[in-house]
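Chains A and B, in that order, are what the protein sequence lines are. As numbered in my numbering, residues 1 to 435 make up the first sequence, in order. As numbered in my numbering, residues 1001 to 1170 make up the second sequence, in order. Just so you know, even glycine gets a beta-carbon here, dropped at the ideal spot from N, CA and C. Note that the structure is a prediction, hence the values are computed from the model and not measured. One structure is given here, and the rest of the page talks about it.
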Amino acid sequence: MNSHDSDHSLKLIRDLKAGSRPVGFNLSTEIEKISSQEGLQAAFNVLLRAEVVLGLRRPTLAVYDHAFHLIGGAQKYGLTLTSALRDLFDITIISNKDIRLEDFGKWYGLDLSWCAVKIIKIPFFEDRGTSYLDPAFVSTKVENPFHLVSRESGNYDIFVNNSMNEMVFPLSNISVLVCHFPERLPKSYFYADRYTYVVHNSRYTAEWIERMWKFAPHQHIYPPVDLEDGGTVQPKKKLILSVARFEPEGTKRQREMVEAFLKLDRLHPEIISGWRFILVGGSEPKNRYLDELNSLIAGLPRQNIELRVNIPASELRILYREASIFWHLCGIVHDHPSEVEHFGMTTVEAMQNRAVPIVYDGGGLREIVDHGVDGFRVRTGGELLEYSMKLIRQPELIEGLGAAAHGKAQEFSRARFEEHVRAFFGRILKDYSQP
Amino acid sequence: MDETIGQEVKRLKKDLLRRKEEVDDLRKLVNKEIDREFEPDVWDLTEREIEPFIEKTLAAVKENLVLKPEPQSLTSHRRIWGRPVLYFKRIFMNWADLYTKMILDKQNRTNRHFFDLLKVLVLRSRWSREKVKELEERLGKCEESLVVLINKAQDLQARLEQGKGSADTK
Chain A
1 MNSHDSDHSL KLIRDLKAGS RPVGFNLSTE IEKISSQEGL QAAFNVLLRA EVVLGLRRPT
61 LAVYDHAFHL IGGAQKYGLT LTSALRDLFD ITIISNKDIR LEDFGKWYGL DLSWCAVKII
121 KIPFFEDRGT SYLDPAFVST KVENPFHLVS RESGNYDIFV NNSMNEMVFP LSNISVLVCH
181 FPERLPKSYF YADRYTYVVH NSRYTAEWIE RMWKFAPHQH IYPPVDLEDG GTVQPKKKLI
241 LSVARFEPEG TKRQREMVEA FLKLDRLHPE IISGWRFILV GGSEPKNRYL DELNSLIAGL
301 PRQNIELRVN IPASELRILY REASIFWHLC GIVHDHPSEV EHFGMTTVEA MQNRAVPIVY
361 DGGGLREIVD HGVDGFRVRT GGELLEYSMK LIRQPELIEG LGAAAHGKAQ EFSRARFEEH
421 VRAFFGRILK DYSQP
Chain B
1001 MDETIGQEVK RLKKDLLRRK EEVDDLRKLV NKEIDREFEP DVWDLTEREI EPFIEKTLAA
1061 VKENLVLKPE PQSLTSHRRI WGRPVLYFKR IFMNWADLYT KMILDKQNRT NRHFFDLLKV
1121 LVLRSRWSRE KVKELEERLG KCEESLVVLI NKAQDLQARL EQGKGSADTK
């Protein structure tokens, strides 16, 4: 990992802190020496740290994500982290597209109006007119377009890269890469191992970081999930719910779930009578996969399957409270580990609302659901039917497992997340400001 | 004293910031090379990456499949003795070429056999993969049918017990 201070720099900072200036000591000369040996940035970093050590200003932290303008679980992670660190740092949010802080309030319920914002437009992507900045488009044939962000990273005490983008070279004294999943093998402009710390969101992610990037990440912090039912236990309805983005590639496996429900309906009409299956998710306006799903359920005589796209959070909350069973099969068919759920935030949301999860037995979902204790994990469509029938036939099981699921979900609450974030960054700050 | 240090730090920072902005190259800012070459280890390839890798590698192998002797120009630094030395060198090389050609022909035949074998193995692995996929699907359907049958049997059993119970009460 990237060491953030050389012996010379550290000694200089300690001397400054102690107020001991030997005869002939000249700060300017010392800084110039560091600059010529380790580069201008290293010299600048010494001064940044000296300011914090001497108590001349509050420490600064920047949180970067190239997709802050889009709604997503990873972005919620980064912004909740930002919110949790308000008391410790002066924080700047860095992104590559225009963002509005009030949107974060609407999307994630976070008040970040106190943060500074810096937008660094990247001409490479601006010229292409794409709304999503996909690092996969960048090869060594072009100059690394993310170096604009790298340069900015050197203006803060701590730089946090929250994006799935390892092409930003960190220049700050301390750098933290939040890895939501290592999507690509180390190749052009790969700097993940140049960060001081790498934080991972699940053990599954950590396992793949080690396999793909060949180093062990440093800190495990589960994502924040805060869709609590408010403590009031509401009567459940005969509702099976699925909440996942309608990915055009179909990686969330909604088709498989619809087919499973259709099978239940066809073979056990008397048992399934009165039950509905609702699939909720976000989608782009044009989505061929969504069109396919629509045609799959069109013309069903009983109309017991519904697709609800881009619904407001208030409507989603009601559905979570009403749902008895939650299905999530992301990963049941996959040819790349990134197609398996890295964590599974919506599963935790369902559990917080006492819906019994039946999920694919793989990825981060294994860390959330204990089979037979607070839900079920399945590997095939047959198992999905088996456990669903079990629950449908025994409503008392739904109540019992739902209560257990609710208890388990507390491990992934926002409060717990903030506690871990403050502890981790508190330790870093202590080491940084008290050398 | 603190204020003096504070002012000095501020002044130096301002100066360094200006100098930093003048530097275009990130490497110059940190006084070191930041990019590295990464050789992908084939053991790390995921299912999705295997097919493109096979295609790419087969194409590269095909390109260098037939080995040909590369003509070499003969020169000598000797003024007087150069010509006879070159003459004998040429005779020797023409003689040696006969054997080189034989060895290369043999190597090329072997390469071709290996390449064909490689292609057939790839073909077989693709075919096996398809077959496994098909079997998995069939197994999945069997599993589902089994679940359905078990549930139907349970229903039947429940109805029989219910019927028996009501007959007993009569």
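Check whether residue i and residue j have beta carbons under 8 Å apart
i: R266 (chain A); j: E306 (chain A); result: no
i: E341 (chain A); j: G364 (chain A); result: yes
i: R422 (chain A); j: A84 (chain A); result: yes
i: V53 (chain A); j: L81 (chain A); result: no
i: H453 (chain A); j: R1048 (chain B); result: The requested residue 453 (chain A) does not occur in the structure, where chain A is confined to residues 1 to 435.
i: Y77 (chain A); j: N161 (chain A); result: no
i: A157 (chain A); j: N144 (chain A); result: Note that residue 157 (chain A) is Asp in the sequence shown here, rather than Ala. No, the Cβ-Cβ distance between D157 (chain A) and N144 (chain A) is not below 8 Å.
i: G407 (chain A); j: P223 (chain A); result: no
i: I358 (chain A); j: I325 (chain A); result: yes
i: A260 (chain A); j: K252 (chain A); result: no
i: A403 (chain A); j: R366 (chain A); result: no
i: L88 (chain A); j: L429 (chain A); result: yes
i: V138 (chain A); j: V168 (chain A); result: no
i: V290 (chain A); j: V258 (chain A); result: Checking the sequence shown, residue 290 (chain A) turns out to be Leu, not Val. No; because the gap between Cβ atoms is not below 8 Å, this pair is not in contact.
i: E322 (chain A); j: L239 (chain A); result: yes
i: E228 (chain A); j: Q352 (chain A); result: yes
i: S28 (chain A); j: L1012 (chain B); result: yes
CA nearest to the CA of residue i, picked from the options
i: A475 (chain A); options: A:M389, A:Y289 and A:N165; result: Past the boundaries of the shown model lies residue 475 (chain A); chain A is included only from 1 to 435, so the question cannot be answered.
i: S242 (chain A); options: A:R302, A:E143, A:L177 and A:G344; result: A:G344
i: P114 (chain A); options: A:W107, A:E349, A:I93 and A:S28; result: In the sequence as displayed, the identity of residue 114 (chain A) is Trp instead of Pro. With distances taken between Cα atoms, W114 (chain A) lies closest to A:I93.
i: I392 (chain A); options: A:V309, A:I311, A:P269 and A:N144; result: A:P269
i: G362 (chain A); options: A:G331, A:G400, A:N45 and A:E183; result: A:G331
i: L1137 (chain B); options: A:E386, A:G382, A:Q394 and A:L429; result: Here residue 1137 (chain B) turns out to be Glu, not Leu, going by the sequence shown. If we check each option's Cα against that of E1137 (chain B), A:G382 comes out closest.
i: I1054 (chain B); options: B:V1120, B:L1160 and B:A1167; result: B:V1120
i: P312 (chain A); options: A:G19, A:D7, A:S433 and A:I71; result: A:I71
i: E349 (chain A); options: A:R366, A:L329 and A:L316; result: A:L316
i: Y132 (chain A); options: A:E419, A:H66 and A:E322; result: A:H66
i: M1093 (chain B); options: B:S1128, B:N1111, B:I1080 and B:E1070; result: B:E1070
i: R1109 (chain B); options: B:L1065, B:A1059 and B:I1034; result: B:L1065
i: D374 (chain A); options: A:L264, A:T347, A:K106 and A:H8; result: A:T347
i: P301 (chain A); options: A:D431, A:T130, A:S35 and A:L262; result: A:L262
i: F159 (chain A); options: A:K286, A:R194, A:L397 and A:L401; result: A:R194
i: R1018 (chain B); options: A:F25, A:A43 and A:D15; result: A:A43
i: F424 (chain A); options: A:F124, A:H220 and A:N155; result: A:H220
i: Q75 (chain A); options: A:G109, A:L47, A:G55 and A:P123; result: A:G109
i: D1097 (chain B); options: B:Q1072, B:G1082 and B:L1117; result: B:Q1072
Inter-residue Cα distance where the pair is residue i and residue j
i: I91 (chain A); j: V117 (chain A); result: 9 Å
i: V378 (chain A); j: W327 (chain A); result: 10 Å
i: K1062 (chain B); j: E284 (chain A); result: 43 Å
i: I368 (chain A); j: F246 (chain A); result: 22 Å
i: L171 (chain A); j: Q41 (chain A); result: 7 Å
i: V1009 (chain B); j: E38 (chain A); result: 18 Å
i: L384 (chain A); j: F1114 (chain B); result: 46 Å
i: T1100 (chain B); j: T140 (chain A); result: 41 Å
i: F1088 (chain B); j: L1104 (chain B); result: 24 Å
i: S175 (chain A); j: T60 (chain A); result: 12 Å
i: E126 (chain A); j: A50 (chain A); result: 38 Å
i: V309 (chain A); j: V356 (chain A); result: 22 Å
i: E1051 (chain B); j: I278 (chain A); result: 37 Å
i: V178 (chain A); j: V198 (chain A); result: 6 Å
i: L185 (chain A); j: G274 (chain A); result: 48 Å
i: A18 (chain A); j: R414 (chain A); result: 40 Å
i: H218 (chain A); j: E418 (chain A); result: 17 Å
i: P248 (chain A); j: L329 (chain A); result: 16 Å
i: K1133 (chain B); j: R1112 (chain B); result: 31 Å
i: L319 (chain A); j: S202 (chain A); result: 27 Å
i: R288 (chain A); j: G299 (chain A); result: 19 Å
i: G372 (chain A); j: G1140 (chain B); result: 22 Å
i: L16 (chain A); j: G250 (chain A); result: 58 Å
Proximity test, residue i beta-carbon vs the ligand COA heavy atom, cut-off 7 Å
i: I34 (chain A); result: Looking at this structure, you won't find the ligand COA or any other ligand, since it has none at all.
Validate contact between the stretch 102-115 of chain A and the stretch 203-211 of chain A using beta carbons, cut 8 Å, 3 pairs: Contact fails: fewer than three Cβ-Cβ distances are below 8 Å.
Segments of 4+ residues assigned as alpha helix (DSSP H) that fall wholly inside the stretch 374-421 of chain A: If one requires a minimum length of 4 residues, the alpha helix (DSSP H) runs lying completely within the stretch 374-421 of chain A are 381-393 and 395-409, in chain order.
At least 3 beta-carbon pairs within less than 8 Å: the stretch 1143-1159 of chain B vs the stretch 1074-1087 of chain B: No contact exists between the stretch 1143-1159 of chain B and the stretch 1074-1087 of chain B.
At least 3 beta-carbon pairs within less than 8 Å: the stretch 209-229 of chain A vs the stretch 182-201 of chain A: These segments touch.
Whole runs of the alpha helix (DSSP H) within the stretch 1019-1052 of chain B, excluding any shorter than 4 residues: Residue ranges of uninterrupted alpha helix (DSSP H) with 4 or more members, entirely inside the stretch 1019-1052 of chain B and ordered along the chain, are 1026-1030.
Segments assigned alpha helix (DSSP H), at least 4 residues, entirely inside the stretch 167-245 of chain A: Complete alpha helix (DSSP H) runs here, min 4: 203-213.
Beta strand (DSSP E) runs wholly inside the stretch 312-345 of chain A, at least 3 long, in chain order: Entirely contained in the stretch 312-345 of chain A, the beta strand (DSSP E) runs reaching 3 residues are, in chain order, 325-328.
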